[in-house]
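Trainee:
Number of protein chains: 2
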Amino acid sequence: MASTQRPILCQKITAMLQGKSFSIGDRLPGERRLAEMFKTSRNTVREALCNLESMGYLEIREKSGCYLKNKEGCISWEMLRKRKSIEASRQLVETLYLVVPGLVRTETLRLSPADITELETATSRLGEAIVNFDLSMISRVYISFFRSLAEVSNNGYLILLLKELELAAKNLEHAGTGLSEVQIDSLFAYHVELFNALKTGQPEQAEKLAKYCLQTFSQMVLPDS
Amino acid sequence: MASTQRPILCQKITAMLQGKSFSIGDRLPGERRLAEMFKTSRNTVREALCNLESMGYLEIREKSGCYLKNKEGCISWEMLRKRKSIEASRQLVETLYLVVPGLVRTETLRLSPADITELETATSRLGEAIVNFDLSMISRVYISFFRSLAEVSNNGYLILLLKELELAAKNLEHAGTGLSEVQIDSLFAYHVELFNALKTGQPEQAEKLAKYCLQTFSQMVLPDS
Numbered sequence: 014m015a016s017t018q019r020p021i022l023c024q025k026i027t028a029m030l031q032g033k034s035f036s037i038g039d040r041l042p043g044e045r046r047l048a049e050m051f052k053t054s055r056n057t058v059r060e061a062l063c064n065l066e067s068m069g070y071l072e073i074r075e076k077s078g079c080y081l082k083n084k085e086g087c088i089s090w091e092m093l094r095k096r097k098s099i100e101a102s103r104q105l106v107e108t109l110y111l112v113v114p115g116l117v118r119t120e121t122l123r124l125s126p127a128d129i130t131e132l133e134t135a136t137s138r139l140g141e142a143i144v145n146f147d148l149s150m151i152s153r154v155y156i157s158f159f160r161s162l163a164e165v166s167n168n169g170y171l172i173l174l175l176k177e178l179e180l181a182a183k184n185l186e187h188a189g190t191g192l193s194e195v196q197i198d199s200l201f202a203y204h205v206e207l208f209n210a211l212k213t214g215q216p217e218q219a220e221k222l223a224k225y226c227l228q229t230f231s232q233m234v235l236p237d238s
Numbered sequence: 014m015a016s017t018q019r020p021i022l023c024q025k026i027t028a029m030l031q032g033k034s035f036s037i038g039d040r041l042p043g044e045r046r047l048a049e050m051f052k053t054s055r056n057t058v059r060e061a062l063c064n065l066e067s068m069g070y071l072e073i074r075e076k077s078g079c080y081l082k083n084k085e086g087c088i089s090w091e092m093l094r095k096r097k098s099i100e101a102s103r104q105l106v107e108t109l110y111l112v113v114p115g116l117v118r119t120e121t122l123r124l125s126p127a128d129i130t131e132l133e134t135a136t137s138r139l140g141e142a143i144v145n146f147d148l149s150m151i152s153r154v155y156i157s158f159f160r161s162l163a164e165v166s167n168n169g170y171l172i173l174l175l176k177e178l179e180l181a182a183k184n185l186e187h188a189g190t191g192l193s194e195v196q197i198d199s200l201f202a203y204h205v206e207l208f209n210a211l212k213t214g215q216p217e218q219a220e221k222l223a224k225y226c227l228q229t230f231s232q233m234v235l236p237d238s
């Protein structure tokens, strides 16, 4: 659960950054120093900095620190595509969790033979990426499968959202268990089962398998999940 | 269920449009003529044209016809913001259905007192829009409530997605029941109940109310829903 002090701390930090002593590109004081300055915990500081990154004020460079990016704060798709933090990976996975199971459920019964062929191709591309043992490529190909589904849905918002996630996946920092044999086997096995559920028109089964797939994916790219 | 001929028809139409006899801005033959040309039903033609609009090839102008927009087909957030068709409204509502209930469920227990205040302000803005009897404003304010929730989630993708939906809502064509007294009363009543469930930290209740809210919203803006 997020700290209740977080939004207030965000306001205090942005007020500080908007003052004359900070210029774009400046490095912020470290977490420990900020916690002292604002009489709060380092955890609260870390949460607030993540918020401010999402709002476009800061850039968090892993192992380096936080840098002032924009005094007004803004956020654009362009910016999201370039992020490289674990926090960015977490948001990507969270968004997939929110969108994919419902998308799978609603599209299962709308698939034409041509759509099935398209999804079959996407599934074999995933197989190739797995053989090449390339985690960044696996992530992209994996998301592109669901982008193909979004294209079936004919919903412009979902098509573009999945496309953005696919572009962002290129830069993912992977901090999860990575590519152990077991992970790969279960990711691909669930994925093939998902494809079969889609092909044979079983919406509930497809939705359930999509959730399993996402869990395995999440374990690969995120720590402690 | 979508016609299985649709994807094939889409390919045939794009092949036709990419030929030399069509230039950007040209009006396509009418639905009846296209159905004759490709030996298919008008329903299939209509579905295919909707697909091609989403893919950026066409612009559908209600009561006027379809116009060639881009021979390569592309789709951008910018383009989605400017659409005015009932199909665009349908996609907007569908996306809200897919994203909002889950967002409400996960954020309920993460709300700080400052977040609650922000959502309370958004709720009273909705009340004002209702008093002004302005359907376009109601749609925008309504979506902005969920954008505020996305900001709590600190998830850049969801923040921007909801922002895009909010921008698109400005242009919504409303073809639903519109603003009858009963509609307005139930929209606002459900919304206040949703706010209370969020405030008192009841995730399941909040998720259920969010679905009711969306149903009422959908009836206002879409035909036959």
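Heads up: the protein sequence lines correspond to chains A and B, in order.
First residue of the first sequence: 14, per the working numbering; consecutive thereafter.
First residue of the second sequence: 14, per the working numbering; consecutive thereafter.
Every residue gets a Cβ at the ideal spot worked out from N, C-alpha and C, and that includes glycine.
#1: Would you say P236/B faces chain A, with C-beta separation under 8 angstroms as the test?
#2: Mind checking if N184/B is an interface residue toward chain A, Cβ cutoff 8 angstroms exclusive?
#3: Can you pull the chain A residues whose beta carbon is under 7 angstroms from the beta carbon of N167/B, in chain order?
#4: Can you check which of these residues, L109/B, M68/B, L178/B, K212/B, is closest to T122/B by C-alpha distance?
#5: Is E131/B helix, strand or coil by DSSP?
#6: Tell me which residues share the same chain as D128/B and place their Cβ nearer than 6 angstroms to its Cβ, disregarding the 5 neighbours each side in the sequence.
#7: When you compare only the Cα positions, how much space is there between K183/B and S149/B?
#8: Determine, using beta carbons only, whether A247/B and V154/B come nearer to each other than 8 angstroms.
#9: In three-state terms, what does DSSP make of E72/A?
#10: Quick one, which of I37/B, L65/B, R45/B, N167/B has its alpha-carbon nearest K25/B's?
#11: Would you say V144/B reaches chain A, if we count a Cβ-Cβ gap shorter than 8 angstroms as a contact?
#12: Identify which residue in G38/A, P114/A, E194/A has its Cα closest to the Cα of Y80/A.
#13: Buried or exposed: which applies to F158/A, given that a residue is buried once 16 or more other Cβ atoms fall within 10 Å of its Cβ?
#14: One question on the structure: do T239/B and G86/B come within less than 8 angstroms of each other, judged by their Cβ atoms?
#15: Quick one, are the C-beta atoms of E120/B and Y170/A less than 8 angstroms apart?
#16: Can you look up E96/B in the DSSP assignment and give me helix, strand or coil?
#17: If contacts are defined as beta-carbon pairs under 8 angstroms, then L139/A and H204/A qualify, I think. What distance do you get, rounded to the angstrom?
#18: With respect to the beta strand (DSSP E) encompassing L162/A, which residues constitute its N-terminal and C-terminal limits?
#19: Can you give me the C-alpha to C-alpha distance between K221/B and R118/A, rounded to a whole angstrom?
#20: Tell me, to the nearest whole angstrom, how far the beta carbon of T136/A is from that of F208/A; I am working on the premise that it is less than 8 angstroms.
Mentor: Let me lay it out:
#1: no
#2: no
#3: C63, N64, S67
#4: First, the residue type needs correcting, since residue 122/B is Leu and not Thr in the sequence shown. When only C-alpha atoms are compared, the closest one is K212/B.
#5: helix
#6: Here the set comprises V165.
#7: 6 angstroms
#8: This structure cannot settle anything about residue 247/B, because the visible part of chain B is limited to 14 through 238.
#9: strand
#10: L65/B
#11: no
#12: G38/A
#13: buried
#14: The requested residue 239/B does not occur in the structure, where chain B is confined to residues 14 to 238.
#15: no
#16: The residue you asked about is not Glu; residue 96/B is Arg in the sequence shown. Coil.
#17: 6 angstroms
#18: Careful: L162/A lies outside any beta strand (DSSP E), inside the alpha helix (DSSP H) at 148-166.
#19: So the alpha carbons of these two residues sit roughly 19 angstroms apart.
#20: At roughly 5 angstroms, the Cβ-Cβ gap stays under 8 angstroms, so T136/A and F208/A are in contact.
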